[in-house]
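Visitor:
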Amino acid sequence: MNKYYCCLKCKIEINEKEYNYSKEHYGMALCRECQDISRNKEETLEKNGLNDKQNKYREGMIKGRIAETLVEELFLSLNYNVFRYGMENTVPGVMNLLRGVRSDVADNIRRMPDFVIQHPKTKDVYFVEVKFRANESFAIKDLPKNYPFENAYFIVVSKKHIKCITYKELLEGKEVSPESRNYLGNRKEFDLDKDIIIDFCNFAVKFFDGV
Numbered sequence: 021m022n023k024y025y026c027c028l029k030c031k032i033e034i035n036e037k038e039y040n041y042s043k044e045h046y047g048m049a050l051c052r053e054c055q056d057i058s059r060n061k062e063e064t065l066e067k068n069g070l071n072d073k074q075n076k077y078r079e080g081m082i083k084g085r086i087a088e089t090l091v092e093e094l095f096l097s098l099n100y101n102v103f104r105y106g107m108e109n110t111v112p113g114v115m116n117l118l119r120g121v122r123s124d125v126a127d128n129i130r131r132m133p134d135f136v137i138q139h140p141k142t143k144d145v146y147f148v149e150v151k152f153r154a155n156e157s158f159a160i161k162d163l164p165k166n167y168p169f170e171n172a173y174f175i176v177v178s179k180k181h182i183k184c185i186t187y188k189e190l191l192e193g194k195e196v197s198p199e200s201r202n203y204l205g206n207r208k209e210f211d212l213d214k215d216i217i218i219d220f221c222n223f224a225v226k227f228f229d230g231v
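Okay, here's the thing in structure tokens:
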């Protein structure tokens, strides 16, 4: 006696071959038409998920570049010598080539600070890494292990403030948060004009409003 099978979606009768195939690939009994509908939904969801990841990656890149430009122009306006240091600046396209690559060399390239800046008076030189953080938070946990640039300064741009912290301070457990008062203008080694920093903070508000 033949077994009777039916599609769980539309309730029409299906044969044993259709039943076995559907159970193996979809986990339930479906007719061929309902299998096609289910397959199309899965492909659409997968495609949309990939697009969402790509869009978020691009959005993050754009925000980061805007933050870098703000900081670069800030120091230039104060007569600092500013040099773009990251490998993506010296070798255009290298970051795309390294996407998905896992090696010590690739990791060190990704970790290179964004800028080298030189004080106009003291001629002291500093590594500077710029981060955009909508939540105005940055801590040691946000850095990869064995970060190689121990003398780096991290300038954190948010929608309201521009703050700064060193790698050594992060190691000590200090961090940037909405409540912290480690404003860029308070760094004595940079000797910055606080009014100019306020102007650039206002620029940040305009660019990142609604983020």
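Remember, our numbering sits 20 above the position in the sequence shown when you count from 1. Each residue gets a CB set at the ideal place from its N, CA and C atoms; glycine is no exception. In this text, all values refer to a predicted model and were calculated from it rather than measured experimentally.
Using only the alpha-carbon positions, how far apart do Pro168 and Val225 sit?
Guide: Position 148 of the sequence shown, counted from the first residue, corresponds to residue 168. Position 205 of the sequence shown, counted from the first residue, corresponds to residue 225. Pro168 and Val225: Cα-Cα distance of roughly 32 Å.
Visitor: Cα-Cα, which of Phe210, Cys221 and Asp162 is closest to Lys194?
Guide: Here residue 194 is taken as the residue at index 174 of the sequence shown, counted from 1. Checking every option, the nearest Cα to that of Lys194 belongs to Asp162.
Visitor: Whose C-alpha, out of Val150, Tyr146 and Asn206, is nearest the C-alpha of Glu170?
Guide: In the sequence shown, counting from the first residue as 1, residue 170 sits at position 150. Answer by Cα proximity: Tyr146.
Visitor: Cα separation between Ile175 and Asn101?
Guide: Looking up residue 175 in the sequence shown gives position 155. Looking up residue 101 in the sequence shown gives position 81. For Ile175 and Asn101, the distance between alpha carbons rounds to 17 Å.
Visitor: When we look at the beta-carbon of Ala159 and count the other beta-carbons within 10 Å, is it buried (16 or more) or exposed?
Guide: To locate residue 159, count along the sequence shown from 1; it is residue 139. So Ala159 ends up on the exposed side.
Visitor: Quick one: is Glu209 buried, meaning 16 or more other Cβ sit within 10 Å of its Cβ, or exposed?
Guide: Your numbering for residue 209 matches position 189 in the sequence shown. Under this definition Glu209 is an exposed residue.
Visitor: Taking only the alpha-carbon atoms, compute the straight-line gap between Cys26 and Glu62 and give it to the nearest angstrom.
Guide: Translated into positions along the sequence shown, residue 26 becomes position 6. Translated into positions along the sequence shown, residue 62 becomes position 42. When rounded, the distance between both Cα atoms is 22 Å.
Visitor: Looking at the strands, I want to know which residues DSSP matches up with Glu14.
Guide: In the structure as shown, the chain starts at 21 and stops at 231, and residue 14 therefore has no counterpart that could be examined.
Visitor: Just the C-alpha distance for Thr186 and Glu149, rounded to the nearest angstrom, thanks.
Guide: Against the sequence shown, residue 186 aligns to sequence position 166. Against the sequence shown, residue 149 aligns to sequence position 129. Rounded to whole angstroms, Thr186 to Glu149 spans 10 Å at the Cα level.
Visitor: Count the other C-beta atoms from every protein chain shown that fall within 10 angstroms of the C-beta of Leu212, then say buried if there are 16 or more, exposed otherwise.
Guide: Locating residue 212 in the sequence shown gives position 192, counting from the first residue. By the 10 Å Cβ count, Leu212 comes out buried.
Visitor: Tell me the DSSP secondary structure of Tyr39 in three-state form.
Guide: Numbered from 1 along the sequence shown, position 19 holds the residue referred to as residue 39. Helix at Tyr39.
Visitor: Just mark Pro181 as buried or exposed, buried being the case when its beta carbon has 16 or more other beta carbons within 10 Å.
Guide: Here residue 181 refers to the residue found at position 161 of the sequence shown. The displayed chain sequence assigns His, not Pro, to residue 181. Under this definition His181 is a buried residue.
Visitor: Roughly how many whole angstroms lie between the Cα atoms of Asn155 and Phe227?
Guide: Numbered from 1 along the sequence shown, position 135 holds the residue referred to as residue 155. Numbered from 1 along the sequence shown, position 207 holds the residue referred to as residue 227. Taking the straight line joining both Cα atoms gives about 15 Å.
Visitor: If you reduce the DSSP assignment to three classes, tell me which class Lys214 lands in.
Guide: Taking the first residue of the sequence shown as position 1, residue 214 is located at position 194. Here Lys214 sits in helix by DSSP.
Visitor: My understanding is that Asp134 touches Glu79, with C-beta atoms under 8 Å, so please give their C-beta distance in whole angstroms.
Guide: Residue 134 sits at position 114 when you count from the first residue of the sequence shown. Residue 79 sits at position 59 when you count from the first residue of the sequence shown. Wrong, their Cβ atoms sit about 18 Å apart, outside the cutoff.
Visitor: To the nearest angstrom, report how far apart Glu189 and Tyr173 are at their CA atoms.
Guide: What you label residue 189 is simply residue 169 of the sequence shown in a count that begins at 1. What you label residue 173 is simply residue 153 of the sequence shown in a count that begins at 1. Computed Cα separation, rounded: 10 Å.
Visitor: Among Leu98, Phe152, Asn60 and Val91, which has the Cα closest to the Cα of Pro140?
Guide: As a position in the sequence shown, residue 140 is number 120, starting the count at 1. Selected option, being the one with the closest Cα: Leu98.
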